[in-house]
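In my numbering, the protein residues as written are 19 to 656.
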C-alpha cells in the first residue's frame, strides 16, 4: 500500500459554473485517488485587496476566473464567475470532503495582458498604491508587490493585507491559505531589490548600518559590496516578521496553510539569494511547505544550465530542506501542465514527469521519506485516462518503507551551514549544495541524510560536506565513528579542497585539488549557478567514484553517468532499486547487485519483459531496459 497526501492546484477554469455542482463530482470522478485539498489559483491580489463582504453578489475579475485571465483551456472558454459562485463552489467541494485554500501571486496585471486575452483591465487598489511595488537596483519600478513595504500613510502593507485576508477567508469559508510566489518568498533575489527609500530605511533602522548616501544604484552597490551579510540577515528577519503575523491570524481563526518553498532553492541558497530562512519560517508557525521542484518542465524549457540535471539538483535540495526543518510536512509541487505558461510534461514528456516523482519521493531523512505527498500543478483539463496514469505514478513512487540503505548517509548540521554562509560571503568557494548536486551528476546519488547529532544511532558509511565548518565537538564525534567508513568531502579542516576517507581513524583514500578563482560576475536568477571557486570537473568525477565505492545498491558493468542508481531495503532480503536514464534514447545497462537475489519484479510499466537474474561471484547480475528520460523501479527479493 502507498500512503501519501494528494493536493491539487487549479484555476476556476477547471470547473464549470454552468453545472449545478460546478462540475465537482465529474472532476473528482476522473481520479482514482481523491485529493484532500485544492488550492484555487485566483492569481491577482485584487480579489483580496478590494474585498468588503459577501452581502451582495458581484463579478470576479477575469484575472480571477483563469490564470491571468487566459482565454481557454482544453475543455472550455474562460467563464465569468461571480463572488457567490466562488463561495458556492467552495461549499460544493466541502460536501465532497475536500478542503479549499486560495492562492494569489504578487504580480500586477497590465493593460497589454488584459487586451491579449480579450478583456479590459479596470481599476485596481494597486493603482493607488505604487509605493508597495518593487524598486530594483537600477531604480526601475517592477510590476510586483514587495510585501515588506509601507503604504504612503506609514502603515505596513502586511497589516492591511492580513486584515483583508482574514475577512476574505472567513466570508468565503476557505479552510486556510496557500501562500504562493511573491508572498511565501520574494519574486526577486535580494541583490536586485527592494532598494527603495522605504526598504533602505527599514534596513538601517533594524541593523544600525549607516548606508552610504546616493541614488538607488549607488546605495544598492554599496549595500551589496559592504553590508551584504547584514542585508541577508535583515531580510530573513523581515520575512519572518511578515509571516509571524500571518500565521498568528490563521491560527486564531483555526485555519490551515501550505507554503511554497523558495524557487527550488535549498536552505543555503534560500538565505543567500533570497533572504529566506526556512527555520525562521518554521519558528513563525509554518508547518507545511509545497516544494517547488519542477525538473521536467525546466528541462523542457531548456532552462537547466548546470552540468547537474534538474532531478539531481532537486533530490539534493529536498533532502537538505527536510534536514533543515525536520518537523515540517513537505509536499511536492508536481509540474504536470500549465496553459498560461505553456508547458505540459504530462503530454510532451511523460517519462520525465514520472522520473521527477520517482526521484523526489524517494529521498530520505532520518530513515523516513522527505516528502509527505504531492500537489498536482495545474490540475485543469486533465482527462480520466491521464489521471489514471498520474495517480499510478504517485502510488508507485510512495510504495514501500525503508529499513536500511545501501548507500552513503550525508550528515547535516544547521550550525555548520551558517558558518559556511559566513565564510561564503568573503571567498565564495564551491558551496555544499553545489557539491551535493555534482555528486549526483556523476552518479554518486546520496538520497539519504541524517542530522549529525544522530551519528551514534547510525551504521554504514557516512559523509560530511565541508568538514571545515563543523564544530570541534562535531569533528570529534566523526573521529570516533566506527560503524563504517567516514567520508570527508570538500573543504577540509586545513582548508584544502578534496576528499579523505577513513576507517577506524585510518585514512584509506584521499586526494586534493586546487580551486580556480571564482568568476567576477553576479547572477540574478535562481536558474543560474552562483559564481564560485570550483575544482576541475574531472576531480569531482573522481570524488564521486570514491563515494560510490563506499556504498551503492548496484554497480554498472559499464559506468555511465547518464544512468542514475539508488535504492533502499524494505527488509533484509528485499531491495527497491531505482534507475533513471538521462539520455533521449533507450538504455539497457547491466547491473551488479551484491547478494543472491532470486526474483525481480518491475513496479513501473518498464521493463516490459521479465528481468532475468544470474549469479556471479556472490553478485546478482541482470540487464533492464530504461525508457528515454525515464525511471524504472525494481523490487529484488532474495
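Idealized CB from N, CA, C, for every residue including glycine.
Residue i versus residue j - alpha carbon distance
i	j	result
residue 301	residue 623	43 Å
residue 43	residue 457	46 Å
residue 215	residue 205	19 Å
residue 253	residue 156	19 Å
residue 427	residue 547	25 Å
residue 283	residue 248	20 Å
residue 544	residue 488	27 Å
residue 291	residue 281	10 Å
residue 99	residue 197	23 Å
residue 64	residue 599	45 Å
residue 530	residue 566	18 Å
residue 95	residue 436	50 Å
residue 310	residue 379	13 Å
residue 327	residue 459	7 Å
residue 477	residue 563	21 Å
residue 308	residue 79	27 Å
residue 462	residue 560	10 Å
Residues near residue i by beta carbon distance below 8 Å, same chain, minus five either side
i	result
residue 375	350, 352, 392, 411, 412, 415
residue 721	Lying outside 19 to 656, the shown extent of the chain, residue 721 is not represented and no answer is given.
residue 183	66, 195, 264, 267
residue 533	447, 448, 515, 551, 552, 553
residue 382	337, 388, 420, 423, 465, 466, 467, 586
residue 165	124, 150, 175, 176, 179, 200, 201, 260
residue 479	425, 426, 427, 502, 503, 504, 505, 568, 569
residue 48	400, 401, 402, 405
residue 339	279, 284, 285, 296, 307, 309, 348, 388
Local conformation of residue i per DSSP, three classes
i	result
residue 83	helix
residue 422	strand
residue 262	helix
residue 568	helix
residue 547	coil
residue 207	coil
residue 499	coil
residue 330	helix
residue 410	helix
residue 397	coil
residue 51	coil
residue 583	strand
residue 172	coil
residue 305	coil
Any non-hydrogen atom of the ligand FAD closer than 6 Å to residue i Cβ
i	result
residue 563	In the structure shown, the ligand FAD is absent, as is every other ligand, since no ligand is present at all.
Local Cβ density within 10 Å of residue i, reported as buried at 16 or more and exposed below that
i	result
residue 257	buried
residue 425	buried
residue 526	exposed
residue 188	exposed
residue 438	buried
residue 505	buried
residue 207	buried
residue 638	buried
residue 73	exposed
residue 632	exposed
residue 269	exposed
residue 299	buried
residue 29	buried
residue 645	buried
residue 523	exposed
Residue i at chain B interface by Cβ criterion, 7 Å
i	result
residue 392	Absent from the structure: chain B. Only one protein chain is present.
Close Cβ partners of residue i (< 6 Å) along its chain, the five nearest in sequence each way excluded
i	result
residue 587	421, 422, 593
residue 495	473
residue 41	33, 34
residue 60	82, 120, 122
Neighbourhood of residue i by C-beta distance below 7 Å, restricted to the same chain and skipping five residues each side
i	result
residue 246	443
residue 445	551
residue 306	275, 276, 277, 346, 347, 349
residue 643	604, 606, 624, 625
residue 433	489
residue 655	591, 592, 615, 616, 617
residue 153	159, 211, 212, 213, 214, 234
residue 372	411, 648, 649
Three-pair Cβ contact test at 8 Å for the region 32-47 versus the region 61-71: no
Touch test, the region 120-128 against the region 189-206, Cβ-Cβ under 8 Å, three pairs minimum: yes
Inter-stretch contact at 8 Å, needing at least 3 Cβ pairs: the region 534-543 / the region 499-516: In this structure the region 534-543 does not touch the region 499-516; the number of beta carbon pairs closer than 8 Å is below three.
Cβ contact (3+ pairs, closer than 8 Å) linking the region 569-588 and the region 619-633: no
At least three beta-carbon pairs within less than 8 Å, the region 158-166 to the region 85-105: In short, these stretches do not touch, since the Cβ pair count stays below three.
Cβ contact check for the region 352-369 and the region 313-320: 3 or more pairs under 8 Å: Yes, the region 352-369 touches the region 313-320.
Stretch-stretch touch, CB-based, cutoff 8 Å, three pairs: the region 125-133 with the region 211-231: Between the region 125-133 and the region 211-231 there are fewer than three inter-stretch CB-CB distances shorter than 8 Å, so the stretches are not counted as touching.
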